[in-house]
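One structure below.
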Amino acid sequence: MPDAWSVFVHYATFHLPPQPDGFYQYDALQQLAYFGVVFIVAPLQMITAGAMSPALVNRYAWYPKLPGNRQIGCSLHFLFAVAFVLFFVSHVTMVAITGLARNMNHIVLGRNDSSMAGIYVGLVGLGVVAGAAAFAGEGGEYYDSHTMENLKHPQAMLAYEMNSARLTDEHGAPLRLRVENQLGFKMVKWIRAIEFVEDRKRVRKGEGGYDEDNEFFDCMADI
Numbered sequence: 003m004p005d006a007w008s009v010f011v012h013y014a015t016f017h018l019p020p021q022p023d024g025f026y027q028y029d030a031l032q033q034l035a036y037f038g039v040v041f042i043v044a045p046l047q048m049i050t051a052g053a054m055s056p057a058l059v060n061r062y063a064w065y066p067k068l069p070g071n072r073q074i075g076c077s078l079h080f081l082f083a084v085a086f087v088l089f090f091v092s093h094v095t096m097v098a099i100t101g102l103a104r105n106m107n108h109i110v111l112g113r114n115d116s117s118m119a120g121i122y123v124g125l126v127g128l129g130v131v132a133g134a135a136a137f138a139g140e141g142g143e144y145y146d147s148h149t150m151e152n153l154k155h156p157q158a159m160l161a162y163e164m165n166s167a168r169l170t171d172e173h174g175a176p177l178r179l180r181v182e183n184q185l186g187f188k189m190v191k192w193i194r195a196i197e198f199v200e201d202r203k204r205v206r207k208g209e210g211g212y213d214e215d216n217e218f219f220d221c222m223a224d225i
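Following the numbering used here, the numbering of the sequence shown begins with 3 at its first residue and continues without gaps.
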């Protein structure tokens with residue numbers, strides 16, 4: 003801890019801590035940061051993510067009570083996500099200002115030189131990740147259902163305007179559902195038809211909605 007505090011003082015005063023052989027070893031503060039991210043922030047991020055999962059909560063009703071309730075879990079999850087972003091930004095910044103080419107060769111290729119090979123390979127890797135993720139949102143027609151009791155909630159509405167203007171396609175034109183006591187997947191956009199049924203089992207595969215049918219979400223997702 004004393005070494006970590008000494009290193010922190012260097013960073014706080016915009017100085018790099020001295021290194022005997024360049025800036026290639028993890029200092030005490032970096033080791034604490036990595037330990038915190040891997041063994042504290044990451045596990046808590048996964049635990050709080052489960053509290054927001056309708057499918058998991060549907061199976062284990064006690065799970066949202068671990069962080070307190072769903073909203074507390076959501077807030078903590080957001081704060082842990084911010085911690086990841088701060089760690090990522092500081093990490094990339096340190097990699098860049100202490101010798102980008104050499105550090106990328108260490109990280110990507112495991113060799114000690116200042117060629118551009120590590121940067122090129124890293125950029126190719128980012129391109130592969132980005133290309134694969136671009137298709138994650140592709141899917142079929144979306145649908146969902148609500149109980150009549152929930153649709154009588156004061157914050158349930160069918161919206162065709164926003165801020166005194168017609169809805170844009172991005173916001174769900176021509177008609178979208180807003181039910182503020184439910185999670186976002188229950189608020190259907192681009193509504194083309196509304197059907198009243200006796201029971202949700204009459205809707206498609208019988209669970210009441212697209213995510214309920216295919217992802218094992220609960221039919222209601224109260225906030």
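Backbone N, C-alpha and C fix where the C-beta goes; we use that ideal spot for every residue, glycine too.
Item, Value
"Ignore the nearest five residues each way along the sequence and tell me which others in L58's own chain have a CB closer than 7 Å to its CB.", "G52 and Y65"
"Does any C-beta atom of chain C lie closer than 8 Å to the C-beta of F198?", "The displayed structure is made up of one protein chain only, and chain C is not part of it."
"Just to confirm my understanding: we take T95, look at its own chain, exclude 5 residues before and 5 after, and list those with CB closer than 8 Å. What are they?", "none"
"Have a look at F80 and G186 and give me their C-alpha separation to the nearest angstrom.", "16 Å"
"With the cut-off set at 8 Å, would you say N60 and F198 are in Cβ contact?", "no"
"Counting along the chain, where does the alpha helix (DSSP H) carrying A98 start and finish?", "R72 to I99"
"Pairs of beta-carbons, one from the segment 156-175 and one from the segment 107-123, closer than 8 Å: are there three or more?", "no"
"Can you tell me whether H173 is buried or exposed? The criterion is at least 16 other CB atoms within 10 Å of its CB, across all chains shown.", "exposed"
"So, F82 versus Q47, is the Cβ gap smaller than 8 Å?", "yes"
"Check Q184 in the structure and name its three-state DSSP category.", "strand"
"Can you have a look at P56 and say buried or exposed, based on whether 16 or more other CB atoms are within 10 angstroms of its CB?", "buried"
"Mind checking whether F86 and V43 have CB atoms under 8 Å apart?", "yes"
"Since V11 contacts D29 with CB under 8 Å, what's their CB separation in whole angstroms?", "Actually they do not touch by this definition, with Cβ atoms about 12 Å apart."
"Let me confirm a value: Y2 is counted as buried when at least 16 other C-beta atoms fall within 10 Å, else exposed. Which label applies?", "A query on residue 2 cannot be resolved here, the shown segment of the chain reaching from 3 to 225 and no further."
"In chain order, what residues of the same chain have a beta carbon less than 8 Å from the beta carbon of L153, not counting five sequence neighbours either side?", "V181"
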